[in-house]
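Residue numbers (this note's numbering): 58 to 196.
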Amino acid sequence: MSELARFGVSIPDDLLEKFDVLIRGKGYNNRSEAIRDLIRDRLVEEEWTETDQDVVGTVTVVYNHEQSDLAQKLTEIQHQKHDLIISSVHVHLDYHNCLEVLIMRGSPEQVKRAGEQLISTRGVKHGKITMTTTGKDLE
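This is the structure in structure tokens:
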């Protein structure tokens, strides 16, 4: 880990109070760690928009497995994207509904396109792409 730098920030009192309530609710012990996490989060967002280097993301879909050919369509898409998919988890939520989480690694555009293709498949009840980083450039 690199040396820590100290710096001052001017912020309106009411905004600081809201921030303190927020970080206490999330379990932070101090403002510094919360601010570091906010900065890291923004850097990861930039990584997804400003680079073609590998990123990591998860794609989560919820669907009714009994819907005509839906499970087969989702499996076909996954096989088409096998080079991006690192791992997958399939969970039976109840008798009808399944949750699938795919961990993908590739360029931001590849991961987004694959996720959007899965999520937009007719019959998917809900889907979400969550972006993160390989961690190589973060402290």
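Cβ atoms here follow ideal geometry from the backbone N, Cα and C, with glycine treated the same way. The model shown is predicted, which means the values in this text are computed figures rather than measured ones.
### Query
What do you get for residue 107, buried or exposed, if any count of 16 or more other CB atoms within 10 angstroms of its CB means buried?
Position 50 of the sequence shown, counting from 1, holds the residue named residue 107. The residue is exposed, with fewer than 16 neighbouring Cβ atoms inside 10 Å.
### Task
Name the residue from 114, 121, 60 whose alpha carbon lies nearest to the alpha carbon of residue 152.
Here residue 152 corresponds to residue number 95 of the sequence shown, with the count starting at 1. For the residues 114, 121, 60, the minimum Cα distance to residue 152 belongs to 121.
### Query
For residue 75, which three-state DSSP category applies?
Mapped onto the sequence shown, residue 75 falls at position 18. Assigned with DSSP and collapsed to three states, residue 75 falls in helix.
### Query
At which residue ranges does the region 110-157 contain complete beta strand (DSSP E) runs of 3 or more residues, listed in the order of the chain?
Every unbroken stretch of the beta strand (DSSP E) spanning 3 or more residues and falling wholly within the region 110-157 is given here in chain order: 112-121, 142-149.
### Query
Going by beta carbon distance, what residues of the same chain come within less than 7 Å of residue 136, once the five residues before and after it are set aside?
To locate residue 136, count along the sequence shown from 1; it is residue 79. Closer than 7 Å at the Cβ level, and outside the excluded window around residue 136, lies no residue.
### Task
Name the two residues that bound the continuous alpha helix (DSSP H) containing residue 168.
Taking the first residue of the sequence shown as 1, we reach residue 168 at position 111. Residue range 165-176 is occupied by the alpha helix (DSSP H) that includes residue 168.
### Message
Going by DSSP, what residue range makes up the beta strand (DSSP E) through residue 181?
### Response
Here residue 181 corresponds to residue number 124 of the sequence shown, with the count starting at 1. Per DSSP, residue 181 is one residue of the beta strand (DSSP E) stretching across 181-189.
### Task
Would you identify the three-state DSSP class for residue 162, choosing helix, strand or coil?
Looking up residue 162 in the sequence shown gives position 105. Reduced to three states, the DSSP call for residue 162 is strand.
#### Entry: Beta-carbon gap between residue 172 and residue 160 smaller than 8 Å
Counted from its first residue, the sequence shown places residue 172 at position 115. Counted from its first residue, the sequence shown places residue 160 at position 103. The answer is no: Cβ separation not under 8 Å.
### residue 104 classed as buried or exposed, judged by whether at least 16 other C-beta atoms fall within 10 angstroms
Position 47 of the sequence shown, counted from the first residue, corresponds to residue 104. Classification for residue 104: buried.
### Message
According to DSSP, simplified to helix, strand and coil, what is residue 94?
### Response
As a first step, residue 94 is located in the sequence shown; it is residue number 37 there, counting from the start. Residue 94: helix per DSSP, three-state reduction.
### Query
Which residues in the same chain have their Cβ closer than 7 Å to the Cβ of residue 123, if we skip the five residues on either side of it in sequence?
Indexing the sequence shown from 1 puts residue 123 at position 66. The beta carbon of residue 123 is closer than 7 Å to those of 153 in its chain, skipping five residues each way along the sequence.
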